[in-house]
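Residue numbers (our numbering): 391 to 531.
Here it is, written out as structure tokens:
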């Protein structure tokens, strides 16, 4: 592609993605940011949510939780604690995780356990939302 940027997504377990894309939108810790080719360099911590990229005019979605994104004019490198392509997300597993997290939230008195349960709930909800967005865009196989 003439007007593209390289997107690489890596987790501690694997290299999830390495593609030439037209656009990248990611959930930064301070809000979503977008990257086009020739973007100014910067580094951002990632929050929990859907990273999406545009390739051949279609949007593709990846669930990410934590990590960093480094942007250069020619490349977006994502080092994520957790990353899953939308089509890899097991929605039923995410629903069960949501139910467990909601139950733990109701039962927790300890601040640390409450915070862990709240983070688990956020991950489950964002996984389901990521899959839903991909299905609406027709990019889930």
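Glycine included, every Cβ here is placed at the ideal spot set by N, Cα and C. Quick caveat: nothing in here was measured; it's all calculated off a predicted structure.
Under the three-state DSSP convention, the category residue i falls into
| i | result |
| --- | --- |
| residue 448 | strand |
| residue 510 | helix |
| residue 495 | helix |
Beta-carbon spacing of residue i, residue j below 9 Å
| i | j | result |
| --- | --- | --- |
| residue 510 | residue 491 | yes |
| residue 454 | residue 466 | no |
Distance, residue j Cα to residue i Cα
| i | j | result |
| --- | --- | --- |
| residue 501 | residue 410 | 43 Å |
| residue 391 | residue 504 | For residue 391, the predicted model reports a pLDDT of 45, less than 50, meaning its position is unreliable; a value from the coordinates is still stated below. Each residue's alpha carbon lies about 47 Å from the other. |
| residue 531 | residue 434 | No answer about residue 531 holds up, because its pLDDT of 45 lies below 50 and its placement is not dependable. |
| residue 457 | residue 485 | 24 Å |
| residue 437 | residue 451 | 15 Å |
Spatially closest choice to residue i from the options, by CA coordinates
| i | options | result |
| --- | --- | --- |
| residue 482 | 434, 418, 507 and 514 | 514 |
| residue 412 | 440, 487 and 445 | 445 |
| residue 516 | 476, 459 and 414 | 476 |
| residue 480 | 426, 518 and 437 | 518 |
Do the segment 418–437 and the segment 399–406 make contact, defined as three or more Cβ pairs closer than 8 Å? no
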